[in-house]
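For reference, the structure discussed in these notes is given below.
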Amino acid sequence: MIINTDFSPDEIINNINQAFRNAAADTSHNLRFFSVATYDNGNNTPQSRMVVLRKFLPDWTLRFYTDYRSSKVADIKNHPSVSLLFWNPEERYQIRVQASATVHYQNEISESEWQHVDDAAKKAYTTILAPGSGISQPNEVRRQKDNTHHFCVIDALPFQIKVLQLNREDHLAMSFIRESVAEKWDGSWILP
Ligand SMILES: Cc1cc2nc3c(=O)[nH]c(=O)nc-3n(C[C@H](O)[C@H](O)[C@H](O)COP(=O)(O)O)c2cc1C
C-alpha cells in the first residue's frame, strides 16, 4: 500500500517518489503508461491521451517523448499546465499530478535523448505527414528518406499531487503541494 493510516506525509511522498523511479526504470511497471490531459485552446476543450514514462528526474520531472507536430505540443505551448493520471491496478492506487510542462525540441535535451531511442522506435518520428493527418488507406505511412525527424521531449514538473488508495475497509487520500522545486512537499489528508 502506498498509503496507510500510520504513514506520515513524508513516508507517503517518499513512496510516491519510489513508485515513479521504479516506473521509469522498469518497462513492465504498472505506472509506466499514464494519461496526459492538456487544454485545447482552439476547440475550447480538454484533451487526454496515454504516453510512456521515460524518465523521472531528481526534481520530480516526469519525462515523455512525442512528435513535435502532435496536437499535445501545440496545446502545451499555448497552455503549459497539464494534468497527469496514473493508476496501479495491482496495488489499487491512483496518482493525479498537476504539472507545468516544457517542450524540448531541437535542443541539447532532445538531441541527447534521441541518442538513446532505439532504431525501431525512431521510425515513429520520421513520418512525412503529422500525427492525426487524414490518410486514404490505413497503412499509408510515408517516411522521410533523409535524417529529418520530429522527435521532441516533454518535461512535466509537478506542483500538486493527489494520491488515492482504494481499500475495501476505508479509502485513504492525501494531497501534496509544492510551490517551487526548492520547497519540501506539504502533505495533508483529504476526504477520499
Ligand atoms: C499505451 C499507449 C502509450 C502511448 N505512448 C505514447 C507516447 O509515449 N508518446 C506519444 O506521443 N504518444 C503515445 N501514445 C499515443 C497517444 O496516446 C496519442 O494517440 C498520440 O500521441 C496523438 O496525441 P495528440 O494528437 O493528442 O497529441 C500512446 C498510446 C498508447 C495507447
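So the mapping is simple: my numbering equals the position in the sequence shown, first residue as 1, plus 921.
For glycine and all other residues, C-beta sits at the position ideal for the given N, C-alpha and C.
Owing to the predicted nature of the structure, the values given are computational and were not obtained by experimental measurement.
As computed with DSSP, residue 1079 is found in a beta bridge with 1020. Take the alpha-carbon of residue 1042 and the one of residue 1100: they are about 36 angstroms apart. A straight line joining the alpha-carbon of residue 1052 with that of residue 991 spans about 6 angstroms. Boundaries of the alpha helix (DSSP H) around residue 940: 930 to 946.
Distance check between residue 999 and each of 1012, 1011, 1021, 980 places 1021 closest, using alpha-carbon atoms only. The shortest C-alpha to C-alpha distance from residue 976 to any of 985, 1028, 970 is the one to 985.
Remark: the shortest separation between the CB of residue 970 and any heavy atom of ligand 1 falls under 8 angstroms. Look at the beta carbons and you see the region 1005 to 1023 touching the region 1073 to 1088: at least three pairs across the two are nearer than 8 angstroms. With a cutoff of 8 angstroms, residue 988 counts as near ligand 1, since its C-beta is closer than that to a heavy atom of the ligand. One thing to note: residue 980 has its Cβ no nearer than 9 angstroms to the Cβ of residue 1025. Cβ neighbours of residue 1009 within its own chain (closer than 7 angstroms, five residues either side excluded): 951, 952. Residue side-chain check: residue 1066 keeps its Cβ at 8 angstroms or more from all non-hydrogen atoms of ligand 1. Looking from the CA of residue 1035, the closest CA among 959, 929, 988, 1109 belongs to 988. CA-CA distance, residue 942 to residue 974, rounds to 10 angstroms.
In this structure, residue 1106 keeps its C-beta atom at 9 angstroms or more from the C-beta atom of residue 923. Proximity of the beta carbon of residue 992 to ligand 1 is indicated: a heavy atom of the ligand is located closer than 8 angstroms. Taken atom to atom, the span from the alpha-carbon of residue 939 to that of residue 955 is near 16 angstroms.
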